[in-house]
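A.B. asks: A single structure is presented below for examination.
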Amino acid sequence: MKKLFSSAFFLLCLYCPLPAQNFVPIGTTWHHTGIAFTPFWEKTTYEKDTLTSDGRSCMKLSFLRQNFGSAGPGMPYYPSGQEHSYRLFYQSGDTLYERSVSGVYSVFFVLNGSIGDSWETQPPIIESQTCTLYNRTRIIDTGTVVINGKSLRYWDLGPETGSFISMEGRLIEQFGIYVRSFYSKIHGGFGSGNCSQGIFEDMHINFSCFESDSIGFYNIPHWPYSECEFNFSLGETEAPAIRVFPNPVTDILYIDPGSGVFDIDILDMQGRVQRTLRQQTPGAGIPFGEFPSGIYMACIKRPGHPEVWQKLVKN
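Using my numbering, read the sequence shown as starting at 517 and increasing by one per residue.
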């Protein structure tokens, strides 16, 4: 038995005494990195409150995911497309619900709980007549943590005994939750009845950056990138026979692969292709004057050779 569970599930909500102040400020952003077959980063933004058809005021969260691909083992990662989506959340008391497209509300997490408290994040999965799988999360620890000089309460989340899948992460007031991973093994006896053993493939998600009007900007210690929205392909590939000049470039970029024709794609740091040229000859000049100043990546493709990635600086 093999399952793939998508967990864009991460975020959000805080606990405050006043109902009107329960949520982080509109405009709050979270960044996560993860691996689901290949790496990605995802930016989540609390856009606004919106009124649903059933009369409830829900938080609208938008999600922008940058995926990365690779030409093969040992090759650098390159931007391979973006995904856009949004989800709605509704809070009643200390419970945060996620609203599905069909209008069904399921518990996302419970705020201000005590150690040992648990809840079901999804209805039980009836796998067979002899096996029911439960999706239960519990609070395994509580305490305080200092972020940007503020002492904030936290609740660590983990698996309930007998749960097939559960959230693991830390819920922090005025901050939200970042999910580290999902438990990835199904053991015989999980749930009720005779459940077969198996493994599902999960996404490993890590928090990287957060910003809000109440907390300010925060990223995890030793974050390896200078920005939260990064480009894996900045690890350039070596190809001594290829000359790319001048770099920095102002008006015209020249590429000399030594011999033979080549194709080239110019991408910005969000992974968007800005220019594509095919069947170029050695020494060909590529107009660059109309490009805004910034950093770009050139992907150079030659028949019978691996792709070459070169960072370009436009003055």
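For each residue, glycine too, the CB sits at the ideal point set by N, CA and C.
Note that the structure is a prediction, hence the values are computed from the model and not measured.
1) Classify Pro675: buried if its beta carbon has 16 or more other beta carbons within 10 angstroms, exposed otherwise.
2) Taking the alpha-carbon of Gly635 as reference, which of Lys817, Gln645, Gly678 and Trp546 has the nearest alpha-carbon?
3) Apart from the five residues just before and just after Glu727, which ones in its own chain have a Cβ nearer than 6 Å to its Cβ?
4) Per the DSSP calculation, Glu745 is bridged to which residue(s)?
5) Can you list, in chain order, the residues of its chain with a C-beta nearer than 7 Å to that of Ser724? Leave out the 5 residues immediately preceding and following it.
6) Check the C-beta distance from Pro595 over to Leu769 and give it rounded, since I have them as a contact under 8 Å.
7) Identify whether Cys815 lies in helix, strand or coil by the three-state DSSP scheme.
8) Thinking C-beta only, is Pro798 closer than 7 Å to Asp772?
9) I need the straight-line Cα distance from Ile702 to Thr637, nearest angstrom please.
10) Would you be able to state if there are at least three C-beta pairs under 8 Å between the region 572 to 581 and the region 758 to 769?
11) Distance check for Pro819 and Tyr699, CA to CA, integer angstroms please.
12) Can you round the beta-carbon distance between Tyr606 and Tyr621 to whole angstroms, since I take them to be within the 8 Å contact cut?
13) Please return the same chain residues whose Cβ sits closer than 6 Å to the Cβ of Asp779, not counting the five positions on each side in sequence.
14) So, at 6 Å on beta carbons, what are the nonlocal neighbours of Gly833 in its own chain, with the 5 sequence-adjacent residues on each side left out?
C.D. replies: According to the structure data:
1) If you number the sequence shown from 1, residue 675 lands on position 159. With 16 or more other Cβ atoms within 10 Å, it is buried.
2) Numbered from 1 along the sequence shown, position 119 holds the residue referred to as residue 635. Per the sequence shown, residue 635 should be read as Trp rather than Gly. Out of Lys817, Gln645, Gly678 and Trp546, Gly678 has the C-alpha closest to the C-alpha of Trp635.
3) The residue you call residue 727 lines up with position 211 of the sequence shown. If we look at Glu727 and ignore the five residues flanking it on each side, its Cβ neighbours are Thr545 and Phe733.
4) Along the sequence shown, one-based indexing puts residue 745 at 229. As computed with DSSP, Glu745 is found in no beta bridge at all.
5) By 1-based counting over the sequence shown, the position of residue 724 is 208. If we look at Ser724 and ignore the five residues flanking it on each side, its Cβ neighbours are His547, His548, Thr549, Asn735, Ile736, Trp739 and Cys744.
6) Counted from its first residue, the sequence shown places residue 595 at position 79. Counted from its first residue, the sequence shown places residue 769 at position 253. Your pair Pro595 and Leu769 does not check out as a contact, with CB atoms roughly 20 Å apart and the cut at 8 Å.
7) Within the sequence shown, the letter at position 299 stands for residue 815. The answer is strand: DSSP assigns Cys815 an E or B state.
8) In the sequence shown, residue 772 corresponds to position 256, counting from 1. In the sequence shown, residue 798 corresponds to position 282, counting from 1. Yes, the Cβ-Cβ distance between Asp772 and Pro798 is below 7 Å.
9) The residue labelled residue 702 in the question sits at position 186 within the sequence shown. The residue labelled residue 637 in the question sits at position 121 within the sequence shown. In this prediction, Ile702 scores a pLDDT of 43, lower than 50, which makes its location untrustworthy; no coordinate-derived value is stated.
10) These segments do not touch.
11) Here residue 699 is taken as the residue at index 183 of the sequence shown, counted from 1. Here residue 819 is taken as the residue at index 303 of the sequence shown, counted from 1. Any answer about Tyr699 is weak, because its pLDDT of 42 lies below 50 and its placement is not dependable; what the coordinates show is given next. Going from the Cα of Tyr699 to the Cα of Pro819 covers about 44 Å.
12) Mapped onto the sequence shown, residue 606 falls at position 90. Mapped onto the sequence shown, residue 621 falls at position 105. Yes, they are in contact, since the Cβ atoms of Tyr606 and Tyr621 sit about 6 Å apart, within 8 Å.
13) On the sequence shown, residue 779 is found 263 positions in, with the first residue counted as 1. Cβ neighbours of Asp779 within its own chain (closer than 6 Å, five residues either side excluded): Arg794 and Lys817.
14) The requested residue 833 does not occur in the structure, where the chain is confined to residues 517 to 831.
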